[in-house]
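Novice: When we follow the working numbering, the leftmost residue of the sequence shown carries the number 1186, and every step to the right adds one. We put the CB at the ideal spot given by N, CA and C, even for glycine. Below are the structure tokens for one structure; questions will follow.
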Amino acid sequence: MTLETIQGRICVRGHANGLLLRSDIPLSFWGGVNPENGTVIDQHHPLCGQHLGNRILAIPCGRGSSSGSGVLLELFRNQCAPAALIFCEPEEILTIGVVVAQQIFNIGIPVLQLSASQFASLSSGRSAMVRDQVLFISSSDNSGPLFNDEVQQPYSNDIAGGSSDETADEIGRSITGETTGETSGETSGETTGEMTGETTGSNAGGIAEYIGQDIGDESIHLSDRDRELLNDSNNKATQIAMQIVTRLAKIQGAHSLIDVTQAHIDACVYHGPAGLQFAQQLAAWGGRFQVPTTLNAISVEQRSWQASGVDAEYGQAACDLGNAYVAMGASPSFTCAPYLLESAPAAGEQIVWAESNAVVFANSVLGARTLKYGDFLEVCIALTGRAPAMGAHLDSGRYPQINIDVHAGGADTDLFWPLLGYHIGKLSGSRIPYIKGLEYSEPDVDKLKAFCAAFATTSSAAMVHIAGVTPEAKAAQTLLETHTETLATEELNSKDLLTTFHQLNSALECKDHVQTVHMVCLGNPHFSFSECATLANFCSGRQLSDQVKMIITLGKSIYESAYQAGYIKELEDFGAQLMMDTCWCMIQEPIVPDNCTVLMTNSAKYAHYGPGLINKTIVFDSLLHCVDAACTGEHRFVVPDWLSPGCKPMH
């Protein structure tokens, strides 16, 4: 057997063997992987249908939702997680899932970062073995992994198959090291402490000692306050949170920590029992958020989930998860559009936000500063008030990394912006784009909201610059003009957007097709006040078909304002149902009945994730066309004139 040996950079130490599963396309675990069985469900991804369990997964990085780390934690619990993760770009979302699994549940898998050329060399590999920073690749055609006698399962009794009656103290002991647990963790016989680098001591000093060894003053500067938090055995929630923050800071290459002024938590979305355990344990330890904190949309509408027929166990767990974070001091905002709240940050404000669309909007449109934080890390930062000084928190992390020249019309329409964001996200990957060609477009907040949500679905970058539109674009242009290196440039035209339009219409087979529509799904991200007004105007004097359901999701504060303005009554008179607290990415049966097989939306984000999340086909079009379909029960697929190749852009 011929082995290729590659030496990479350790992100999380460990050993693993397995069959190699590789793709050049980043993957969002949330909406892209079934947390119950590890199957890739993203119908737009080349790995769709593959099983991740015990495979060495090699992808450039994660992308899309901040909740990928939460899904990974559930994969560990359900014994269907990858055996190792291999990346070739900086990656935070999935990596935090691995770190939390180690810190909380004594489960370990290795995470390794390669160079682009090293990653490309994996294309012919069949099996792989990870030994800390060394990756062995075999192109053998045999069906089994390398060194079968050493293959073990990366699961611990602390999470996989554990008793549901386990007490908070028992869970807590696995976090602090008071019990080491039996875990193979792909360790080929080593102890958990040896595999992860954690000490096996039972006291708080052991935790602080581990942090010192793992980070060291030569790697990251810790203030006196930082060290106080690490060594404060009287505040266990904050101590553990600080341990996770500092460990991730080192993995990400940060040299210091910074203060943040506010947080938005995405970890309140329910994926399964592991995420609930995480939150309830921190709350039981008396965890309190150190900065004003809002909560993302949760998995059920609190006021009506019982009446809606939602499974009682699932509904209660989803509510308990949100309530655990409220108990730690978060505001029960329950919205995926925190930039619509009065607490929205100002330009230059250092914040910690999760929820992918909100991150891109905050950085790009508001000029605030946040990384695209994965679930759990944003919780830990909110508990400590300290974040890694890196990425979009810094000037150097906000520089453009790719030019996008847009040569397409339609910028005055609402359909254009989600199509554009989705396509540019794919072109950009992990790079921050500088977008030209839209200088005279003057998009409103709703168009930019749709753009940012779509971009965040297909990209892992935390922000964009749009010339003539976003506040930091002029400074980005000046930087590009003085930069000694020429950035790669991608051209984008109407033909590209037409291709994306077809891709997002999973329910339509030909351009003249008339498609029956069973449900119209609006509010992903949550509807704004102006969207409520626009929709009420479109629905005025019309009536919802008795063959169609229309549901709009929105935050409480927007609902109250729209109610006072009379828009809620107009929409309800039309026949629409309005739901708060939750969002379309979390809505399942029975709210979407089994006989509703074709859904329609104006959200590129939901058009991407919906088919995999709920196993329905999606029609994607403008808001007005959604209303037309809601009234008639069908949608005629007609390509807009501005998507024709000959249509000229705005100048």
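Would you call the CB atoms of residue 1789 and residue 1607 closer than 7 Å?
Specialist: For the purposes of this step, residue 1789 is taken as the residue at position 604 of the sequence shown. For the purposes of this step, residue 1607 is taken as the residue at position 422 of the sequence shown. Contact: yes.
Novice: Assuming contact is defined by CB atoms lying nearer than 7 Å, are residue 1586 and residue 1617 in contact in what I supplied?
Specialist: In the sequence shown, residue 1586 corresponds to position 401, counting from 1. In the sequence shown, residue 1617 corresponds to position 432, counting from 1. Yes.
Novice: Can you tell me whether residue 1223 is buried or exposed, with buried defined as 16 or more other CB within 10 angstroms of its CB?
Specialist: Residue mapping note: residue 1223 aligns to position 38 of the sequence shown, counting from 1. Residue 1223 should be labelled buried.
Novice: With three or more beta-carbon pairs closer than 8 Å as the criterion, would you say the segment 1569 to 1588 touches the segment 1439 to 1446?
Specialist: yes
Novice: My assumption, with CB atoms under 8 Å, is that residue 1765 sits in contact with residue 1454. Please give the rounded CB distance.
Specialist: Position 580 of the sequence shown, counted from the first residue, corresponds to residue 1765. Position 269 of the sequence shown, counted from the first residue, corresponds to residue 1454. Actually they do not touch by this definition, with Cβ atoms about 15 Å apart.
Novice: How do the segment 1595 to 1613 and the segment 1676 to 1695 stand: do at least 3 beta-carbon pairs fall below 8 Å, yes or no?
Specialist: yes
Novice: From this set, 1268, 1191, 1208, which residue's C-alpha is nearest residue 1322's C-alpha?
Specialist: Sequence index remark: in the sequence shown, residue 1322 carries index 137 (1-based). Residue 1191 is the option with its Cα nearest to residue 1322.
Novice: Please tell me whether residue 1547 and residue 1509 are closer than 7 Å, where the distance is taken between their beta carbons.
Specialist: On the sequence shown, position 362 is the one that residue 1547 refers to. On the sequence shown, position 324 is the one that residue 1509 refers to. No.
Novice: Just grab the DSSP bridge partners of residue 1704 for me.
Specialist: Taking the first residue of the sequence shown as 1, we reach residue 1704 at position 519. In the DSSP output, where bridge partners are listed per residue, residue 1704 has 1734, 1784.
Novice: Considering only residues of the segment 1612 to 1675, which uninterrupted beta strand (DSSP E) runs meet the minimum length of 3 residues and lie entirely inside it, listed in chain order?
Specialist: Whole beta strand (DSSP E) segments, 3+ residues: 1618 to 1621.
Novice: Between the Cα of residue 1307 and those of 1826, 1457, 1204, spot the shortest distance and give me the residue it belongs to.
Specialist: In the sequence shown, the residue the question calls residue 1307 occupies position 122. The shortest CA-to-CA distance from residue 1307 to any of 1826, 1457, 1204 is the one to 1204.
Novice: Is the CB-CB distance between residue 1712 and residue 1739 below 7 Å?
Specialist: The residue labelled residue 1712 in the question sits at position 527 within the sequence shown. The residue labelled residue 1739 in the question sits at position 554 within the sequence shown. Contact flag set, yes.
Novice: For residue 1528, does the three-state DSSP call read helix, strand or coil?
Specialist: Sequence index remark: in the sequence shown, residue 1528 carries index 343 (1-based). Looking at residue 1528 - three-state DSSP - the assignment turns out to be coil, as it is neither helix nor strand.
Novice: Residue range of the beta strand (DSSP E) that residue 1458 falls in?
Specialist: Stepping through the sequence shown from its first residue, residue 1458 is reached at position 273. Taken as a continuous stretch (DSSP letters only), residue 1458 belongs to no beta strand (DSSP E), being part of the alpha helix (DSSP H) at 1458 to 1469.
Novice: Taking only runs of the alpha helix (DSSP H) that begin and end inside the segment 1292 to 1316, which ones reach a length of at least 4 residues, in chain order?
Specialist: 1301 to 1305
Novice: Could you round the C-beta distance between residue 1301 and residue 1202 to whole angstroms and report it? I think they count as a contact, below 8 Å.
Specialist: Counted from its first residue, the sequence shown places residue 1301 at position 116. Counted from its first residue, the sequence shown places residue 1202 at position 17. Not really, about 25 Å apart at Cβ, beyond 8 Å.
Novice: How far does the beta strand (DSSP E) with residue 1573 in it reach, from first residue to last?
Specialist: As a working note, residue 1573 is residue 388 in the sequence shown. Start and end: 1571 to 1573.
Novice: So, residue 1427 versus residue 1468, is the Cβ gap smaller than 7 Å?
Specialist: Locating residue 1427 in the sequence shown gives position 242, where the first residue counts as 1. Locating residue 1468 in the sequence shown gives position 283, where the first residue counts as 1. No, the pair does not count as a contact, with Cβ atoms beyond the cut-off.
Novice: Within 8 Å, do at least three Cβ pairs link the segment 1666 to 1683 to the segment 1628 to 1648?
Specialist: Three or more beta-carbon pairs separated by less than 8 Å are not found between the segment 1628 to 1648 and the segment 1666 to 1683, which leaves the two stretches without contact.
Novice: Considering Cα atoms alone, identify which of 1821, 1500, 1498 is closest to residue 1699.
Specialist: Locating residue 1699 in the sequence shown gives position 514, counting from the first residue. The shortest C-alpha separation from residue 1699 is found at 1821.
Novice: To the nearest angstrom, how far is it from the Cα of residue 1720 to the Cα of residue 1808?
Specialist: Along the sequence shown, read from residue 1 onward, the residue named residue 1720 stands at position 535. Along the sequence shown, read from residue 1 onward, the residue named residue 1808 stands at position 623. Rounded to whole angstroms, residue 1720 to residue 1808 spans 8 Å at the Cα level.
Novice: Once DSSP output is grouped into helix, strand and coil, what is the label at residue 1442?
Specialist: Reading the sequence shown from its first residue, position 257 is the one you call residue 1442. Strand.
Novice: Please identify the residue among 1264, 1449, 1708 whose C-alpha is closest to the C-alpha of residue 1541.
Specialist: Locating residue 1541 in the sequence shown gives position 356, where the first residue counts as 1. Selected option, being the one with the closest Cα: 1449.
Novice: Does DSSP classify residue 1214 as helix, strand or coil?
Specialist: Taking the sequence shown and counting its residues from 1, the one referred to as residue 1214 is at position 29. DSSP, reduced to helix, strand and coil, places residue 1214 outside both helices and strands of the structure shown, so it counts as coil.
Novice: Looking only at DSSP bridge pairs, what is residue 1822 linked to?
Specialist: Here residue 1822 refers to the residue found at position 637 of the sequence shown. In the DSSP assignment, residue 1822 forms no beta bridge with any residue.
Novice: I need the boundaries of the beta strand (DSSP E) containing residue 1793, first residue and last residue.
Specialist: Within the sequence shown, numbered from 1, the residue matching residue 1793 stands at position 608. Premise fails: residue 1793 lies in the alpha helix (DSSP H), 1789 to 1799, not in any beta strand (DSSP E).
Novice: Taking the beta strand (DSSP E) that residue 1802 falls in, what are its first and last residues?
Specialist: Translated into positions along the sequence shown, residue 1802 becomes position 617. 1802 to 1805 is the extent of the beta strand (DSSP E) around residue 1802.
Novice: If the criterion is Cβ atoms closer than 7 Å, does the pair residue 1278 and residue 1255 meet it?
Specialist: Along the sequence shown, one-based indexing puts residue 1278 at 93. Along the sequence shown, one-based indexing puts residue 1255 at 70. Going by C-beta atoms, residue 1278 is not nearer than 7 Å to residue 1255.
Novice: Run through the DSSP bridge pairs and tell me what residue 1450 is partnered with.
Specialist: One-based indexing of the sequence shown puts residue 1450 at position 265. Paired residues: 1480.
Novice: Would you mind stating whether residue 1304 and residue 1286 have Cβ atoms separated by less than 7 Å?
Specialist: Against the sequence shown, residue 1304 aligns to sequence position 119. Against the sequence shown, residue 1286 aligns to sequence position 101. No; because the gap between Cβ atoms is not below 7 Å, this pair is not in contact.
Novice: Give the DSSP-derived three-state secondary structure of residue 1600 in the structure shown.
Specialist: Here residue 1600 corresponds to residue number 415 of the sequence shown, with the count starting at 1. Coil.
Novice: Tell me which residues share the same chain as residue 1219 and place their Cβ nearer than 6 Å to its Cβ, disregarding the 5 neighbours each side in the sequence.
Specialist: One-based indexing of the sequence shown puts residue 1219 at position 34. Contacts found: 1226.
Novice: Could you give the DSSP three-state label for residue 1280: helix, strand or coil?
Specialist: To locate residue 1280, count along the sequence shown from 1; it is residue 95. If DSSP states are grouped into helix, strand and coil, residue 1280 belongs with the helices.
Novice: What residues match up with residue 1678 in a beta bridge as DSSP calls it?
Specialist: Locating residue 1678 in the sequence shown gives position 493, counting from the first residue. Residue 1678 is bridged by DSSP to 1592.
Novice: Indicate whether residue 1782 and residue 1691 have their beta-carbon atoms separated by less than 7 Å.
Specialist: In the sequence shown, counting from the first residue as 1, residue 1782 sits at position 597. In the sequence shown, counting from the first residue as 1, residue 1691 sits at position 506. Going by C-beta atoms, residue 1782 is not nearer than 7 Å to residue 1691.
Novice: Just checking my contact of residue 1792 with residue 1805 at CB under 8 Å: how many whole Å lie between their CB atoms?
Specialist: Within the sequence shown, the letter at position 607 stands for residue 1792. Within the sequence shown, the letter at position 620 stands for residue 1805. Between residue 1805 and residue 1792 the Cβ distance is about 4 Å, and since that is below 8 Å, they are a contact.
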